[in-house]
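Novice: Take 1 as the starting number for the sequence shown in UniProt numbering and just add one per residue. Dropping the structure in here first, questions after.
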Amino acid sequence: TAAPATRLRISGRKWMDGWTDKYIVLNTFVFTCYLQREVHFWFATGGAGFCLSRALAERMAPWASGSQFEQTSALIRLPDDCTVGFIVEQRLGLSMVHCSLFHSHLENLFLLYLNDTVSLLLQVTLSYGMLENKLNTIEVRGSFSTEQDPSRFKTVHCLLYPFTSWSPRG
């Protein structure tokens, strides 16, 4: 079972333990059974991307290096992006941090208003997919119709790079 992320931290905050210097990005809260007890943690959705500092990645090594990552994933019976969250929160006792600039196909993308180049440039990732049996894409106006560009990626590309040879403005 998953629910939308509700935690948000002020950007620029550094971890208090001195081990990490960058944010981890997450999107969803999950729970699973581990050693016959329920555990809760935020997961780093691969659909939107996530960031780990080198120091944090080194701390994760006992559960994430070599075949250990696959074994950890099998142990909790969850996919790789959930395993990252499990290791960070349940093994290391750190908190995942949400960043609103990473966008996964798991969120309602049509709620994003990104019709200016500045807003688009600020985003780290954009995604698309199906949500509740409907195409889930960002709402953005541009040179391509939704029939010509259902993912809206060509439209975004041409807004960011208007002089691309295949862009209608180029």
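Backbone N, C-alpha and C define an ideal beta-carbon position, used for all residues, glycine too.
1) Can you give me the C-alpha to C-alpha distance between residue 21 and residue 107, rounded to a whole angstrom?
2) I need the straight-line Cα distance from residue 24 to residue 97, nearest angstrom please.
3) In the DSSP assignment, the beta strand (DSSP E) including residue 130 goes from what residue to what residue?
4) Tell me, to the nearest whole angstrom, how far the beta carbon of residue 120 is from that of residue 156; I am working on the premise that it is less than 8 angstroms.
5) Roughly how many whole angstroms lie between the Cα atoms of residue 109 and residue 92?
6) Measure the CB-CB distance between residue 194 and residue 94 and report whether it falls below 9 angstroms.
7) Report the option in 105, 161, 118 whose CA atom is closest to the CA atom of residue 134.
8) Classify residue 73: buried if its beta carbon has 16 or more other beta carbons within 10 angstroms, exposed otherwise.
9) Distance, Cα to Cα, residue 50 vs residue 117?
10) Output needed for residue 114: all residues of its chain with C-beta closer than 6 angstroms, excluding positions within five of it in sequence on either side, in chain order.
11) Since I believe residue 142 is in contact with residue 160 (beta carbons under 8 angstroms), could you give me their beta-carbon distance rounded to a whole number of angstroms?
12) Alpha carbons only, please: which of 39, 41, 48 is nearest the one belonging to residue 129?
13) Could you pull out every unbroken alpha helix (DSSP H) segment of at least 4 residues lying fully inside the UniProt domain "Fringe-like glycosyltransferase" (36-152), listed in chain order?
14) Taking the straight line between their C-alpha atoms, what separation do you get for residue 101 and residue 52?
15) Specify the secondary structure class of residue 155 as computed by DSSP and reduced to three states.
16) Under a Cβ-count criterion, where at least 16 other Cβ atoms within 10 Å of its own Cβ denotes burial, should residue 144 be classed as buried or exposed?
17) Quick one, are the C-beta atoms of residue 81 and residue 43 less than 9 angstroms apart?
Specialist: This is what the structure gives:
1) For the purposes of this step, residue 21 is identified with residue 21 of the sequence shown, where counting begins at 1. For the purposes of this step, residue 107 is identified with residue 107 of the sequence shown, where counting begins at 1. Residue confidence is low: residue 21 scores 33 on pLDDT, short of 50, so the model does not pin down where it sits. Its coordinate-derived value is still stated next. About 27 angstroms.
2) Indexing the sequence shown from 1 puts residue 24 at position 24. Indexing the sequence shown from 1 puts residue 97 at position 97. Low confidence applies here, because residue 24 scores a pLDDT of 43, under 50, leaving its location unreliable; read the following figure in that light. Taking the straight line joining both Cα atoms gives about 6 angstroms.
3) Start at 1 with the first residue of the sequence shown, and residue 130 comes out as number 130. Run containing residue 130: 129-131, per the beta strand (DSSP E) assignment.
4) Walking along the sequence shown from the start, residue 120 turns up at place 120. Walking along the sequence shown from the start, residue 156 turns up at place 156. Going by Cβ atoms, the distance from residue 120 to residue 156 rounds to 6 angstroms, so yes, they are a contact pair.
5) Position 109 of the sequence shown, counting from 1, holds the residue named residue 109. Position 92 of the sequence shown, counting from 1, holds the residue named residue 92. Roughly 32 angstroms between the two C-alpha positions.
6) Since the displayed the chain opens at 1 and closes at 170, residue 194 lies outside it and no answer follows.
7) For this step, residue 134 is matched to residue 134 along the sequence shown. The shortest C-alpha separation from residue 134 is found at 105.
8) The count along the sequence shown starts at 1 and reaches residue 73 at position 73. With 16 or more other Cβ atoms within 10 Å, it is buried.
9) If you number the sequence shown from 1, residue 50 lands on position 50. If you number the sequence shown from 1, residue 117 lands on position 117. Each residue's alpha carbon lies about 23 angstroms from the other.
10) To locate residue 114, count along the sequence shown from 1; it is residue 114. Hits under 6 angstroms: 120, 138, 140.
11) Translated into positions along the sequence shown, residue 160 becomes position 160. Translated into positions along the sequence shown, residue 142 becomes position 142. Contact flag wrong, Cβ pair sits at about 10 angstroms.
12) Numbered from 1 along the sequence shown, position 129 holds the residue referred to as residue 129. Here the closest residue by C-alpha is 48.
13) 54-64, 68-76, 80-86, 117-122
14) Against the sequence shown, residue 101 aligns to sequence position 101. Against the sequence shown, residue 52 aligns to sequence position 52. Their Cα atoms are separated by approximately 16 angstroms.
15) If you number the sequence shown from 1, residue 155 lands on position 155. In the structure shown, residue 155 sits in a helix (DSSP, three-state: H, G or I).
16) Numbered from its first residue, the sequence shown carries residue 144 at position 144. Buried, since its Cβ has 16 or more Cβ neighbours within 10 Å.
17) Along the sequence shown, read from residue 1 onward, the residue named residue 81 stands at position 81. Along the sequence shown, read from residue 1 onward, the residue named residue 43 stands at position 43. In contact: residue 81 and residue 43 (Cβ atoms closer than 9 angstroms).
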